[in-house]
Amino acid sequence: MQNDLNRASRQSINQERREILQQIEEWLETPMLVLSFVWTALLIIEFVWGLSSLLNAVSTTIWIAFIVDFMLQLLLAPQKLNYLKHNWLTAFALFLPAVRLVRVTRIIRVLGIAPGVQGVQLLRVLVHINRGMKTLSKSVSRRGFGYVVALTLLVTLIGAAGMYEFERNITGSTLTNYGNALWWTAMVMTTMGSDYFPKTPEGRVLCFLLAVYAFAVFGYVTATIATFFVGQDANDDDGEIASEKSIIALQAEIAALRKEIQARR
Numbered sequence: 019m020q021n022d023l024n025r026a027s028r029q030s031i032n033q034e035r036r037e038i039l040q041q042i043e044e045w046l047e048t049p050m051l052v053l054s055f056v057w058t059a060l061l062i063i064e065f066v067w068g069l070s071s072l073l074n075a076v077s078t079t080i081w082i083a084f085i086v087d088f089m090l091q092l093l094l095a096p097q098k099l100n101y102l103k104h105n106w107l108t109a110f111a112l113f114l115p116a117v118r119l120v121r122v123t124r125i126i127r128v129l130g131i132a133p134g135v136q137g138v139q140l141l142r143v144l145v146h147i148n149r150g151m152k153t154l155s156k157s158v159s160r161r162g163f164g165y166v167v168a169l170t171l172l173v174t175l176i177g178a179a180g181m182y183e184f185e186r187n188i189t190g191s192t193l194t195n196y197g198n199a200l201w202w203t204a205m206v207m208t209t210m211g212s213d214y215f216p217k218t219p220e221g222r223v224l225c226f227l228l229a230v231y232a233f234a235v236f237g238y239v240t241a242t243i244a245t246f247f248v249g250q251d252a253n254d255d256d257g258e259i260a261s262e263k264s265i266i267a268l269q270a271e272i273a274a275l276r277k278e279i280q281a282r283r
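Here the working numbering is used: the first residue of the sequence shown is 19, the next is one more, and so on.
Here you go:
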């Protein structure tokens, strides 16, 4: 009896935690979306022009806000290990800026391990994309066309910044400014490609991931556009495809004909 009461009490507490957690997520949905876009913009600015002390402080403040949000949700989660299991990439993304703050990348650079620095930059690009995906998925329907468009724009902007960071100092590179990198990334997103092929390992990895994303999204966009035009044609009474009105009229005519046959019998 006592065990049943304890179990019921735990279930009640867990349910209250879920409700509080859901309410907090609804309250913080818009602010976190805005902060995610600002954080992404600061990453692009850092790669292209570099951050001033003020912008660096803003980036650090946003990072701290993300940590507070994550820790609050972890504290309220009924099953903390399960929550960490499903949000381990978010936790890693929050840990990664600490690498820059403790100057680990500077130590790597002093030791002459240049690829390690570029590898950290690649991870930063990926975790920013992941953060944007997670934030957008809470604000926009995951199956919606608007979500795909917003996510593709986000991936294009961040991917262009990453490609510019990795390839700008390579001999023979055409990605010598952010505009060229943005154009190159946009061509990859449309699956048209470009004459330039990345030469750094990090650039090739990022190019491959962008191409995989573009391949998946291109199929979705093509199917959505085709569905739209087929739907437009179906709503046209003079179109080759039977419209909804025509089908309803045909069903009514069949029903009337059936009644007439039954009446004659």
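Ideal Cβ placement from N, Cα and C applies to all residues, glycine included. Just so it is clear, the structure is predicted and the values come from calculations on it, not from any experiment.
In this structure, F88 sits near A109, with a CB-CB distance shorter than 8 Å.
Two segments are said to touch when three or more pairs of C-beta atoms, one from each, lie closer than 8 Å; by this definition the segment 198–207 does not touch the segment 80–100. Taking all protein chains in view, the Cβ of M50 is crowded by 16 or more other Cβ atoms within 10 Å, so the residue is classified as buried.
Within 10 angstroms of the beta-carbon of M210 lie fewer than 16 other beta-carbons, which makes it exposed. Distance from the CA atom of E64 to the CA atom of G237, rounded to whole angstroms, is 33 Å. Membership of S71 in the alpha helix (DSSP H) is indicated by the continuous run 71–94. Q139 and I62 have their alpha carbons spaced roughly 12 Å apart. The closest CA to that of E34, considering only Q97, W81, L53, P216, is found on Q97.
Secondary structure of K103 (DSSP, three-state): helix. Per DSSP, reduced to three states, the secondary structure at K152 is helical.
Residue burial annotation: F226 is exposed, with fewer than 16 other C-beta atoms found within 10 angstroms of its C-beta. Using a Cβ distance threshold of 8 Å, L193 and Y214 count as a contacting pair.
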